[in-house]
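Each remark here refers to the structure printed beneath this line.
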Amino acid sequence: MNSDYINIALADDDEDDRFFFTEAFDELKLKSKVLLFKDGIELMEYLNDSDNMLPSLLFLDLNMPKKSGLECLKDIKATKRLSDMVIAIYSTSASEEDIENTFVKGANVYIKKPNDFEKLKKVLSEVVTTNWQYHTSGLNKDNFLLRL
Amino acid sequence: MPTPSNKYLRTAFIAGLFVILCIGGFTYKHISELSQTSKVVKDNYSLRNELELIISNLKDAEIGHRGFLLTHDSLFLNPYEESLQKVTSNLVKLDTLIVSNGEQVEKLKQLKGDINNRFKNFDKSFSLANDDSILTRDLLFLLHEGEIRMDRIRADITEMLALEQRLLTHNQEVNEKKIGLTPLFFYGLLIVTLIILLLAYVKMTTDLKALKESNVELEIFEKLTKQSEIVSNTSTWVWYIEDNEFEFSDNLYRLIGEEPQSFEPTLENFYNYVHEEDISNLGEQVNMMMREEELPFTSFRVVHRDGTIRHLKAYSKLMDDTEGDAKMLGVTIDATNEVENYRIIEQRNQELERTNKELSAFNYVASHDLQEPLRKIQTFMSRLESKEKDHISESGQVYIQRMKSASARMRMLIEDLLQYSRTNTSEKEYLKTNMNMLLEHAKTELIDSIEEKHAKIICDDLPTMEVISFQIQQLFINLISNSLKYSKDKVPPVIEITHQEVLSKDINEIKDSLYKYHHKITFKDNGIGFEQAYAEKIFLLFNRLHGKSEYSGTGIGLAICKKIVENHKGVIMAEGHPNGGASFTIYLPFLK
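Residue numbers (my numbering), protein chains in the order written: chain U, 3 to 150; chain V, 14 to 605.
Structural data, given as structure tokens:
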């Protein structure tokens, strides 16, 4: 395991969003390695293969074909090997229902995709630099949705 | 069932019968008494007659006796003997006639003794006279003695006659008394009988009149029932339990598409018209009715001969206050319209549900799919603005700014529309909520613009109410942000929120409310206000009073407010003066 890099994964079916995501990390100049997945099936296949290195931070879109982000979240939390992974929900919508569901299922933070590139960079850097080990203990529903 | 008038008639009849029997009894008694009396009188007269005959017979005997004494001729002895025999038979008759009277019996005994002595005197004088034809001293003495005895007999008889006379007078007096009362008694009885007859007659006449009247009423009622059965598509039937016979009303035949009374009213005949799918169920219900003597509401279909299907509903109950034969009274109604209406409502409900589903699908499309490309346009524009700034001309920069504000406005519209449709959702959970808390949340949400405008919010203590909390919070946010938005230039906004409880009937707008009390919450500001003429228009969707360039806005915010208040069965009203501020009043009903 190379500790110099943060391993970050994104599962999102939208090509543009994946493009913004990688560009933002490029510009943030963090020592990070970004893994991209086009849908939930692809993501779970990768995670379930024990030969692969697990990302420390997973950005999960909710609305994906084949397997939705919520289903992935459920499977991940049900698998002991994966359950410690920090999961950030990364979605266009911020409906009460989605926020409630993902919070209950054990996601760490909920990010509403911003409509400004600078904001996106700010959000991502905030999430990456947060010490989730420490943060988890104070997790509650009110600060679950990330506001900037 | 004995009616009161029946009872009365029976009593009158019994009383009349009794009176007539009395009259018969008394009449018999009086007549027998009368005949008794006349027999007594007759006996009395024959007794007197016998007594007088005794005297005359004794006189005849004396005459014969004297003649014999003078002549010694036995010719005189014949009348003498005859008279003696007559006297003896007279005495026998007297015996039978005076049996009943004690005093007279005594007297008769004395008379008999005296007569006997007289006869002895006759015999003695005869024995003396036989020896000698001359009247001796002894014979003279005997004649004297005979005379004295004869006098005594006369006196006896006179006494007896007098006694008999007294008895007769007494009897006559008693009879007169009795007979004198009889006509009065009969007359009285007759009057009583007549009165009873008269009363019975009056009673019968009034009863007959009442009967006639109720007959007429019954006839009217029957006709009305028939009419109302036709008009309201109902029918009636009777089941005589003992005889297991049915009686169907005319309209029951019509309900199954037949002419009234066109077939025998039996269950079997009726079943011919019942829809084959419903026959077994109806049969079960009817069998249960025959056991339990009650038929709960039972629905079934009938098929007319022309194939029309109608929905019928039957109900029946035991008539429990009958004497004698028990019967069940049933009602069968045509519920086709009801069923049809129910079906239509169900269909509409399904349509509504589908529309709701479509609406929430639209919600999703609006929230996700529409925002997605917009977000990308905005993000790419922000990329263009920062990364490619140096390569774009000045007019190009202006175009980018215009595009940015247009897409920002589009985002606002989408978000507001979403909010508006969210107020429509069917999940309406009314929970007891502290309104002060909701207001605090609203203020937190708007903290940026409140601070930016240096706004002051003055607020009464608000009550706890049963509300859909996120909606009321949205209401507060929209009203406050409305006041903040339409504030006067360079005048810090002041928003006063007041609360009071009001009686519904005191307020014109809510006086017809079903609730007695309302919470009145007023938001009053010092902003630019508006013309009162627009007070109702501002709540309409997409309705704006100002140009987009002057004040940003989608024209949805107040429409959302109205919707939320209506969801809570309340009323919202606006009041404004140009440049004189606006106030929004909300009335929310509550139960005390």
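For each residue, glycine too, the CB sits at the ideal point set by N, CA and C.
Self-check item: Cβ-based contacts, 9 Å cut-off: residues of the region 110-123 of chain U near chain V
Solution: Of all residues in the region 110-123 of chain U, Lys115, Pro116, Asn117, Asp118, Phe119, Glu120, Lys121 and Leu122 have a Cβ within less than 9 Å of some Cβ in chain V.
Exercise. Please go through the same chain and pick out, in chain order, the residues whose beta-carbon is closer than 6 Å to the beta-carbon of V:Gly159, but skip the five residues on each side of it.
Key: For the purposes of this step, residue 159 of chain V is taken as the residue at position 146 of the second sequence. Asn134, listed in sequence order.
Quiz item: Grouping DSSP H, G and I as helix and E and B as strand, with all else coil, what is V:Tyr528?
Solution: Position 515 of the second sequence, counted from the start, is the residue given in the question as residue 528 of chain V. Annotated three-state conformation of V:Tyr528 is coil, per DSSP.
Practice problem: Note down the Cα distance separating V:Gly77 from V:Asp56, rounded to an integer number of angstroms. | Solution: By 1-based counting over the second sequence, the position of residue 77 of chain V is 64. By 1-based counting over the second sequence, the position of residue 56 of chain V is 43. Taking the CA atoms as reference points, V:Gly77 sits about 31 Å from V:Asp56.
Exercise. Provide the residue span of the alpha helix (DSSP H) that contains U:Asn65, from first to last.
Key: Locating residue 65 of chain U in the first sequence gives position 63, where the first residue counts as 1. Neither: U:Asn65 is in no alpha helix (DSSP H) and is coded neither H nor E.
Practice problem: Round the Cβ separation of V:Gly540 and V:Ser496 to the nearest angstrom and send it over; I've been treating them as touching at under 8 Å. | Solution: To locate residue 540 of chain V, count along the second sequence from 1; it is residue 527. To locate residue 496 of chain V, count along the second sequence from 1; it is residue 483. Their Cβ separation, rounded to whole angstroms, is 6 Å, which keeps V:Gly540 and V:Ser496 in contact under 8 Å.
Exercise. Pull up the distance between the alpha-carbon of V:Glu588 and that of V:Phe483, whole angstroms please.
Key: As a first step, residue 588 of chain V is located in the second sequence; it is residue number 575 there, counting from the start. As a first step, residue 483 of chain V is located in the second sequence; it is residue number 470 there, counting from the start. About 26 Å.
Exercise. State yes or no: is the C-beta of V:Thr535 within less than 8 Å of the C-beta of V:Ser596?
Key: Walking along the second sequence from the start, residue 535 of chain V turns up at place 522. Walking along the second sequence from the start, residue 596 of chain V turns up at place 583. Taking 8 Å as the Cβ cut-off, V:Thr535 and V:Ser596 qualify as a contacting pair.
Self-check item: Contact set for V:Leu268: own chain, Cβ-Cβ below 6 Å, skip 5 residues either direction
Solution: Position 255 of the second sequence, counting from 1, holds the residue named residue 268 of chain V. Ser248 and Asp347.
Self-check item: Neighbour flag for U:Asp28 against chain V, beta carbons, 8 Å
Solution: By one-based count along the first sequence, residue 28 of chain U stands at place 26. Not closer than 8 Å to any Cβ of chain V, the Cβ of U:Asp28 fails to qualify, so no.
Quiz prompt | Within the region 54-101 of chain U, ranges of the alpha helix (DSSP H) (whole runs, at least 4 residues) | solution = As far as the region 54-101 of chain U is concerned, its whole alpha helix (DSSP H) runs of at least 4 residues are 71-80.
Self-check item: Check whether V:Met302 and V:Leu308 have beta carbons under 8 Å apart
Solution: Mapped onto the second sequence, residue 302 of chain V falls at position 289. Mapped onto the second sequence, residue 308 of chain V falls at position 295. It is a contact, given that the beta carbons lie within the stated cut-off.
Self-check item: Same chain only: Cβ atoms within 6 Å of V:Thr598, ignoring 5 sequence neighbours per side
Solution: Mapped onto the second sequence, residue 598 of chain V falls at position 585. Within the same chain, Thr535 and Met586 come within 6 Å of V:Thr598 by CB-CB distance, once the 5 residues on both sides are set aside.
Exercise. Pull up the distance between the alpha-carbon of V:Ile27 and that of V:Ala223, whole angstroms please.
Key: As a first step, residue 27 of chain V must be located in the second sequence, where it is residue number 14. As a first step, residue 223 of chain V must be located in the second sequence, where it is residue number 210. If you take the alpha carbons of V:Ile27 and V:Ala223, they lie about 24 Å apart.
Quiz item: Alpha carbon to alpha carbon, what distance is there between V:Glu401 and V:Gln414?
Solution: Locating residue 414 of chain V in the second sequence gives position 401, where the first residue counts as 1. Locating residue 401 of chain V in the second sequence gives position 388, where the first residue counts as 1. Near 14 Å, if we compare the C-alpha coordinates of V:Glu401 and V:Gln414.
Exercise. May I ask which residues mark the beginning and end of the beta strand (DSSP E) holding V:Ile322?
Key: By one-based count along the second sequence, residue 322 of chain V stands at place 309. In the DSSP assignment, V:Ile322 falls within the unbroken beta strand (DSSP E) covering Ile322 to Leu331.
Quiz prompt | Under 9 Å by beta carbon: chain U residues contacting V:Lys389 | solution = Here residue 389 of chain V refers to the residue found at position 376 when the second sequence is read from its first residue. By Cβ distance, chain U contributes Asp16, Asp18, Asp19, Phe22 and Asn117.
Self-check item: Assigned secondary structure, V:Met14 (DSSP; H/G/I helix, E/B strand, else coil)
Solution: Against the second sequence, residue 14 of chain V aligns to sequence position 1. Residue confidence for V:Met14 is low, a pLDDT of 43 falling below 50, so the modelled location carries little weight; the figure read from the coordinates is stated next. If DSSP states are grouped into helix, strand and coil, V:Met14 belongs with coil.
Quiz item: Where does V:Leu295 fall in DSSP's three states?
Solution: Counting from one through the second sequence, the residue named residue 295 of chain V turns up at place 282. V:Leu295: helix per DSSP, three-state reduction.
Quiz item: Looking at the C-beta of V:Arg396, does it have a partner C-beta in chain U at a distance below 8 Å?
Solution: Working through the second sequence from its first residue, we reach residue 396 of chain V at position 383. Taking Cβ atoms only, chain U reaches closer than 8 Å to V:Arg396, which makes this a yes.
Practice problem: Identify the continuous beta strand (DSSP E) that holds V:Arg314 and give its terminal residues. | Solution: Within the second sequence, the letter at position 301 stands for residue 314 of chain V. Element bounds for V:Arg314: Glu307 to Val316.
Quiz prompt | Contact set between the region 93-106 of chain U and chain V, restricted to residues whose Cβ is under 9 Å from the partner | solution = So the list reads Ser93, Thr94, Ser95, Ala96, Ser97 and Glu98, given in the order they occur along the chain.
Practice problem: Could you pull out every residue in the same chain whose Cβ sits closer than 6 Å to the Cβ of U:Leu59, ignoring the five residues on either side in sequence? | Solution: As a working mapping, residue 59 of chain U is identified with position 57 in the first sequence. Closer than 6 Å at the Cβ level, and outside the excluded window around U:Leu59, lie Ile10 and Val88.
Self-check item: Boundaries of the beta strand (DSSP E) in which V:Pro278 is found, first to last residue
Solution: To locate residue 278 of chain V, count along the second sequence from 1; it is residue 265. No beta strand (DSSP E) holds V:Pro278; DSSP gives it neither H nor E.
Exercise. Identify the contact partners of U:Asn65 in chain V, using a Cβ-Cβ distance below 8 Å as the criterion.
Key: For the purposes of this step, residue 65 of chain U is identified with residue 63 of the first sequence, where counting begins at 1. Simply His381.
Quiz item: Does the separation of the CB atoms of U:Ile101 and U:Gly71 fall below 8 Å?
Solution: Here residue 101 of chain U is taken as the residue at index 99 of the first sequence, counted from 1. Here residue 71 of chain U is taken as the residue at index 69 of the first sequence, counted from 1. For U:Ile101 and U:Gly71, no; Cβs fall outside 8 Å.
Quiz item: Are the Cβ atoms of V:Glu306 and V:Leu325 separated by less than 8 Å?
Solution: The residue given as residue 306 of chain V occupies position 293 in the second sequence. The residue given as residue 325 of chain V occupies position 312 in the second sequence. In this structure, V:Glu306 keeps its C-beta atom at 8 Å or more from the C-beta atom of V:Leu325.
Quiz item: Nearest to V:Lys533 by CA position, among V:Leu153, V:Leu207, V:Lys498 and V:Met478, is which residue?
Solution: One-based indexing of the second sequence puts residue 533 of chain V at position 520. The shortest Cα separation from V:Lys533 among V:Leu153, V:Leu207, V:Lys498 and V:Met478 belongs to V:Met478.
Quiz item: Can you tell which of V:Leu601, V:Glu563, V:His590 and V:Arg304 has its C-alpha closest to the C-alpha of V:Tyr530?
Solution: Locating residue 530 of chain V in the second sequence gives position 517, where the first residue counts as 1. Nearest of V:Leu601, V:Glu563, V:His590 and V:Arg304 to V:Tyr530, Cα basis: V:Leu601.
Quiz item: List, in order along the chain, the chain U residues whose C-beta lies closer than 8 Å to that of V:Glu401?
Solution: Within the second sequence, the letter at position 388 stands for residue 401 of chain V. For a Cβ distance threshold of 8 Å, nothing in chain U lies close to V:Glu401: the least Cβ distance comes to about 12 Å.
Exercise. Consider the Cβ of V:Arg424: report whether some Cβ of chain U lies at a distance smaller than 8 Å.
Key: Against the second sequence, residue 424 of chain V aligns to sequence position 411. It does: the Cβ of V:Arg424 has a partner Cβ on chain U nearer than 8 Å.
Quiz item: Can the beta-carbon of U:Lys107 be found less than 8 Å from the beta-carbon of U:Ala96?
Solution: The residue you call residue 107 of chain U lines up with position 105 of the first sequence. The residue you call residue 96 of chain U lines up with position 94 of the first sequence. No. Outside cutoff.
Quiz prompt | Coil, strand or helix - V:Val99 by DSSP | solution = Within the second sequence, numbered from 1, the residue matching residue 99 of chain V stands at position 86. Note that residue 99 of chain V is Lys in the sequence shown, not Val. The three-state secondary structure of V:Lys99, taken from DSSP, is helix.
Self-check item: Contact between the region 504-511 of chain V and the region 563-574 of chain V (3+ Cβ pairs under 8 Å)
Solution: Between the region 504-511 of chain V and the region 563-574 of chain V, the count of Cβ pairs shorter than 8 Å is below three; the stretches do not touch.
Quiz item: Can you tell which of V:Asp525, V:Ser462 and V:Leu34 has its C-alpha closest to the C-alpha of V:Leu203?
Solution: To locate residue 203 of chain V, count along the second sequence from 1; it is residue 190. When only C-alpha atoms are compared, the closest one is V:Leu34.
Quiz item: Would a check of beta-carbon distances place V:Glu385 closer than 8 Å to chain U?
Solution: The count along the second sequence starts at 1 and reaches residue 385 of chain V at position 372. Yes, contact with chain U.
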